[in-house]
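Asker: Sharing a structure here in structure tokens format.
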Amino acid sequence: MADDVIKVLIVDDSGFMRMVLKDIIEKQSDMKVIGIAKTGLEGVEKAIELKPDVITMDVEMPELNGLEAVKLIMKKNPTPIIMVSSLTSKDSEITIEALENGAVDFIQKPAGSVSWTFRSVADELLEKIRSASKVDPTKLTRKVTIRPKKPRITSLLRGKKIVLIASSTGGPRSLDAIIPNLPKGINVPVVVVQHMPPGFTKSLADRLNRISELTVKEAEDNEELKPDTVYIAPGNYHLGLKANGSRVYTYLDKSDKINNVRPAADFTFNDAAEIYKGNIVAAVLTGMGKDGAKGAFKIKHYGGKIIAESPKTCVVYGMPKAVVEENYADFILPNYDIAEKIVELLGGK
1 MADDVIKVLI VDDSGFMRMV LKDIIEKQSD MKVIGIAKTG LEGVEKAIEL
51 KPDVITMDVE MPELNGLEAV KLIMKKNPTP IIMVSSLTSK DSEITIEALE
101 NGAVDFIQKP AGSVSWTFRS VADELLEKIR SASKVDPTKL TRKVTIRPKK
151 PRITSLLRGK KIVLIASSTG GPRSLDAIIP NLPKGINVPV VVVQHMPPGF
201 TKSLADRLNR ISELTVKEAE DNEELKPDTV YIAPGNYHLG LKANGSRVYT
251 YLDKSDKINN VRPAADFTFN DAAEIYKGNI VAAVLTGMGK DGAKGAFKIK
301 HYGGKIIAES PKTCVVYGMP KAVVEENYAD FILPNYDIAE KIVELLGGK
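Counting from 1, one number per residue, gives the positions in the sequence shown under full-length UniProt numbering.
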């Protein structure tokens, strides 16, 4: 087998899904299925034995579900894993937790747990396998810690300010290092654009809300921005901002994708820059592509501050790299130092 061929292990309890995944992957000249497992436990054993470059992992399986399999593989033989998830609230919750425990990315089955239309997302799957094969597995095993001593707020922050965060592949892990470390009392709204389909953004918001001092929720249409609240852009909608007097409201937009994604950070950043001018602290985190770079340019134009996540903690150094290469970044920091810098830039100590 050629050195440049991506070796893939398929873990799925559905015979139909195993067949479809194998057929899609093996039609590629740069990929090879080197093993198939029917349960999570068998998947862990084959991950150790076969040492694949990438694993596709079903969420719900007998013996050991996808989340528990991810945890064990990350302990025993760290490997880039792509979760294959159906859109149920249970599966989306498990998928989000798997991403926070080391899985690189996920792909959504178009319909149901055994999707007869899975071939419609074949191109997306192949793109994600190729991207995952380039990820350094050691970055997937670093434990995200919530610092016991959070940044101190010396006084209520004055003036109309906002925090903006853009993230994609690897984003849930970086958000886990940032949002729970933002202390209550920052007195500004936080808007997060994470590239994810509908349903998964709600699960992400709910999980972050459980472990954070700030209120974290999925953004709704025509909702007034409140301080000490984090708004996650809902999947498949651009999240816009509009001012009405001194108040700022959200709006959901179904216009064309930007940078091939919806929600797009550039859409949100652009609106925010027009309203908040220089009173913005924006962070561009791990992810493929360049979403956030054009928006960062506009924020910089008005005098706002830009933080780019360092390659040290990025799962994919794409979006932050685009910001750094254009010289828009005021700070380049690992994800575990970003919350402290945000508070400092807002006016805390």
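Backbone N, C-alpha and C fix where the C-beta goes; we use that ideal spot for every residue, glycine too. In this text, all values refer to a predicted model and were calculated from it rather than measured experimentally.
1) Check each candidate in V5, E224 and D253 and name the one with the smallest Cα separation from N244.
2) Please indicate yes or no: does the CB of P172 lie closer than 7 Å to some heavy atom of the ligand MG?
3) Under the assumption that F267 contacts G240 (Cβ atoms under 8 Å), give the Cβ distance between them as a whole number of angstroms.
4) N327 by DSSP, collapsed to three states: which one?
5) Given that a residue counts as buried once 16 or more other Cβ atoms are within 10 Å of its Cβ, and exposed if not, what is N222?
6) Please name the residue, chosen from N335, T313 and A293, that lies closest to E325 on a Cα-to-Cα basis.
7) Please report the straight-line C-alpha distance between E274 and R262, rounded to a whole angstrom.
8) Note down the Cα distance separating I332 from K305, rounded to an integer number of angstroms.
9) Could you check what DSSP says for K27 in three-state terms: helix, strand or coil?
10) Between which two residues does the alpha helix (DSSP H) carrying H301 extend?
11) What residues are listed by DSSP as bridge partners for residue 353?
12) Taking three-plus beta-carbon pairs below 8 Å as touching, is the stretch 157-172 in contact with the stretch 315-323?
13) Measuring straight from C-alpha to C-alpha, what distance separates R173 and K128?
14) Out of E220, I211, Y328 and D228, which one is the CA nearest neighbour of Y251?
15) In this structure, what does DSSP give as the bridge partners for residue 406?
16) N65 by DSSP, collapsed to three states: which one?
17) Please list the terminal residues of the continuous beta strand (DSSP E) segment that includes V135.
Answerer: Based on what the coordinates show:
1) Closest option to N244, Cα to Cα, is E224.
2) Absent from the structure shown: the ligand MG. Ligands present: none.
3) 6 Å
4) coil
5) Exposed, because fewer than 16 other Cβ atoms sit within 10 Å of the Cβ of N222.
6) A293
7) Here the alpha carbon of E274 sits roughly 20 Å from the alpha carbon of R262.
8) 12 Å
9) coil
10) A293 to H301
11) Since the first and last residues shown for the chain are 1 and 349, residue 353 lies out of range.
12) Below 8 Å, enough C-beta pairs join the stretch 157-172 and the stretch 315-323 to call them touching: three or more.
13) 17 Å
14) E220
15) One cannot answer for residue 406 here, as it falls past the ends of the chain, which runs 1 to 349.
16) coil
17) No beta strand (DSSP E) contains V135, which DSSP labels as neither H nor E.
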